[in-house]
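**Q** Have a look at the structure that comes next, please.
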Amino acid sequence: MLTPVLAGLGLGLSLIVAIGAQNLFVLRQGIRREHVLAVVVVCAASDAALIVLGVSGVGLALAALPWLVTAVRWAGAAFLVGYGLLAAKRAWRPSTETLVVVDPVGTASPVAPGDRRALVMTARTRLSTTLLTVLALTWLNPHVYLDTVFLLGGVANSHGEDRWVFALGAVAASVLWFSALGFGARYLGRWLATPRAWRILDAIIALVMITLGVSLVLGA
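The opening residue of the sequence shown carries number 1 in my numbering; numbering runs sequentially from there.
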């Protein structure tokens, strides 16, 4: 039973550990220390649901509906380009938000070099907005269906009766990865304590998002 679990864990990590829209969003939220737990839970739960769909054979049914994949591709492309343009706007004309230190009494002060106290962002995004964004980045990405539902589901079913054990390993990979990415990103805060650093990060996010969106349109 251990072999299918490790196989699922390995394949799950190989598919999920890549520079993509979802991972970049989780990384940004982790650095901002903003709704990290909610984002990690949504990403891991979504992956688990998609894995279950693939292992249960739903992926075979979806393969018979090519128009659905096309619709998701165009919707995902529009969302990715739109999100990328917003990131580009932040990079070009940054807002006044910066990393600040919150003192125990609740007052805020600029980050001092070497300060080990908690870092937070001055302007927080609403939880509902964050959740809608991460759901869109996850479910409007056609690659997630190709990789998680079709590919991973197909490999899982090749294990016969152990397919659900394989699926358990793949789900564990998602939980481990998103937890490490979301909660580990906070340690990058010391390098992103200046407006210039955030402009560079947003520029990278914009480039990746728009590139992914265009590639979806072109069918790459």
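Each residue gets a CB set at the ideal place from its N, CA and C atoms; glycine is no exception.
Quick caveat, the model's predicted, so the values are computed rather than measured.
In the DSSP assignment, find the alpha helix (DSSP H) that holds residue 183 and state where it starts and stops.
**A** It spans 163-184 - the alpha helix (DSSP H) in which residue 183 sits, taken as one unbroken run.
**Q** Please report how far the alpha carbon of residue 168 lies from the alpha carbon of residue 5, in whole angstroms.
**A** Cα to Cα, the separation comes out at about 6 Å.
**Q** Report yes if the CB atom of residue 203 is closer than 7 Å to the CB atom of residue 91, and no otherwise.
**A** Closer than 7 Å, so yes.
**Q** Give the straight-line distance between the Cα atoms of residue 148 and residue 43, rounded to the nearest whole angstrom.
**A** Rounded to whole angstroms, residue 148 to residue 43 spans 13 Å at the Cα level.
**Q** Keeping to the same chain, check which residues put their C-beta closer than 8 Å to that of residue 57; ignore five residues upstream and five downstream.
**A** Counting only Cβ-Cβ distances below 8 Å, and skipping sequence neighbours, we find 153 and 157.
**Q** Please name the residue, chosen from 172, 184, 82 and 49, that lies closest to residue 29 on a Cα-to-Cα basis.
**A** Here the closest residue by C-alpha is 184.
**Q** Within this structure, are the beta carbons of residue 175 and residue 25 separated by less than 7 Å?
**A** No, the Cβ-Cβ distance between residue 175 and residue 25 is not below 7 Å.
**Q** When the Cα of residue 23 is compared with those of 138, 166 and 93, which residue comes out closest?
**A** When only C-alpha atoms are compared, the closest one is 138.
**Q** Measuring alpha carbon to alpha carbon, tell me which residue in 51, 199 and 79 is nearest residue 145.
**A** It is 51 whose Cα lies nearest to the Cα of residue 145.
**Q** By how many angstroms is the C-alpha of residue 214 removed from the C-alpha of residue 141?
**A** Going by the C-alpha atoms only, they are around 12 Å apart.
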